[in-house]
Amino acid sequence: AQGVRIVEPPGGHAIYLDAGHFCEHLTPDELPGQALLCALYRHAGIRAVEIGSVMFGKVDPITGQTYHPPMQLVRLAIPRRVYTQSHIDYVIEAVTEVFQNRKQIRGLKFTEAPK
């Protein structure tokens, strides 16, 4: 209802946010999923995992060109019998607030990486 795109249908164990849409002002080279993770953590202490260019991106060892996966996602896992409805409502509210200010999310880049 707030315009945040998720992978449909939502699962019982996790919700996948479409970070590519959420941060459409960022290119895959700017790691939108990882940038969204940082924004959620800074804003509300929400920890999640990126499933996109950091997890599945590949660099061609000869050309140095980076290949990005087709989707940039953020996985919000929901452990069974651990959280209450108020916890879920908190996450929904926080994600909505970050989404409303999404243009302020800045891209990230690797400054160093092992071969």
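Residue numbers 2 to 116, in my numbering, belong to the letters of the sequence shown in order. Positions of the beta carbon are idealized from the N, C-alpha and C atoms, including for glycine.
Task: For A20, the three-state DSSP class (helix, strand or coil) - done: The count along the sequence shown starts at 1 and reaches residue 20 at position 19. Helix, per DSSP.
Open item on the list: Given a cut-off of 8 Å on the beta-carbon distance, is the pair L37 and I106 in contact?
Closed with: Counting from one through the sequence shown, the residue named residue 37 turns up at place 36. Counting from one through the sequence shown, the residue named residue 106 turns up at place 105. Cβ atoms of L37 and I106: closer than 8 Å.
- [ ] Can you say whether A20 is buried or exposed, counting buried as having 16 or more other CB atoms within 10 angstroms of its CB?
- [x] The sequence position of residue 20 within the sequence shown is 19, counting from 1. Label assigned to A20: buried.
Open item on the list: Check whether the region 61-75 and the region 6-24 are in contact - that is, three or more C-beta pairs closer than 8 Å.
Closed with: Contact between the region 61-75 and the region 6-24 is present, with at least three C-beta pairs closer than 8 Å.
Task: Cross-strand partners of R43 (DSSP beta bridge) - done: Within the sequence shown, residue 43 is the residue found at index 42, counting from 1. Beta-bridge pairing links R43 to no other residue.
Task: Opposing strand residues paired with K59 [DSSP bridges] - done: Taking the sequence shown and counting its residues from 1, the one referred to as residue 59 is at position 58. DSSP lists Y68 as the bridge partner or partners of K59.
Open item on the list: the ligand GDP and G21: does the residue's C-beta get closer than 7 Å to at least one heavy atom of that ligand?
Closed with: Absent from the structure shown: the ligand GDP. Ligands present: none.
- [ ] Sort Q101, P115, F111 by Cα distance to L41 and report the nearest one.
- [x] Within the sequence shown, the letter at position 40 stands for residue 41. Per the Cα distances, Q101.
Task: Expected contact under 8 Å - CB spacing of C39 and R103 to nearest Å - done: In the sequence shown, counting from the first residue as 1, residue 39 sits at position 38. In the sequence shown, counting from the first residue as 1, residue 103 sits at position 102. Rounded, the Cβ-Cβ distance is 13 Å, inconsistent with contact.
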